[in-house]
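Residue numbers (the working numbering): 4 to 208.
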């Protein structure tokens, strides 16, 4: 018996205690089921959000959105590991009730159990084997996108080549013709030469 008068464990010789023990196991089993469902939901949401971020990053050519997808994977990975940790604790409670009969009737207190190592949950095969390849693939995609952005930026920078442009200057000379009126020469008077003197005629005999 405990200090408050309640039994510290089930008396399996009594029908009431056997029924209470069965209900207790059903309660713990329901909690374990909810933890497993939440863990599966975390995996589903992580794929959905990360896939959406990766898709938008590829379509709109925004490489930083890939990091948002990787961040979503990390956050949901931590949440999934915490659900797995609590699921293991409730499984240990279930075993303590069913096998050892070392738990107070209808108690859901986990502090009486030996604490589990959280690192085992964070590095569990169900967490690492699922989120590890996705995070690694996201980082590889980000590195490739970053290299492509740098190569495109280098192509946009003009090379420092000196271009000589030849300018042809065409000089047009306009000749203005000024009509100068030259005065017509005045007619010079022509002096008519006098006729030659007539030769003297000799009288014919």
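We treat Cβ as the ideally placed atom computed from N, Cα and C, and that holds for glycine.
All values reported here derive from a predicted model rather than from experimental measurement.
Which of helix, strand or coil DSSP assigns to residue i
i, result
"residue 168", "Here the model assigns residue 168 a pLDDT of 49, short of 50, so the residue's position is not dependable, and the following value carries that caveat. Correct three-state label for residue 168: coil."
"residue 21", "helix"
"residue 12", "coil"
"residue 108", "coil"
"residue 94", "helix"
"residue 114", "coil"
"residue 132", "helix"
Cβ-based neighbour list, residue i, same chain, cut-off 6 Å, excluding 5 preceding and 5 following
i, result
"residue 95", "116"
"residue 20", "13 and 14"
Beta-carbon proximity check, residue i vs residue j, cutoff 8 Å
i, j, result
"residue 84", "residue 72", "no"
"residue 109", "residue 23", "yes"
"residue 107", "residue 11", "yes"
"residue 34", "residue 125", "no"
"residue 78", "residue 68", "no"
"residue 97", "residue 45", "no"
"residue 119", "residue 91", "yes"
"residue 3", "residue 47", "The displayed coordinates of the chain run from 4 to 208. Any statement about residue 3 would go beyond what the structure contains."
Own chain, CB closer than 7 Å to residue i, minus 5 neighbours either side, in chain order
i, result
"residue 75", "49, 52, 53 and 56"
"residue 168", "Residue placement at residue 168 is poorly supported in this model, since its pLDDT is 49, which falls under 50; the coordinates are not used for a value here."
"residue 89", "38"
"residue 82", "45"
Neighbour-count burial assignment, residue i, 16 or more Cβ in a 10 Å radius
i, result
"residue 179", "Any reading at residue 179 is ruled out, since the residue's pLDDT is 45, under 50, leaving its predicted position unreliable."
"residue 17", "exposed"
Sequence-distant residues of its chain with Cβ nearer than 8 Å to residue i (five each side left out)
i, result
"residue 149", "66"
"residue 177", "Legend: pLDDT at residue 177 = 44, less than 50; position of this residue unreliable, value from coordinates given subsequently. Counting only Cβ-Cβ distances below 8 Å, and skipping sequence neighbours, we find nothing."
Run through the stretch 25–82 for me and flag every whole beta strand (DSSP E) of 3 or more residues, listed as ranges in chain order.
none
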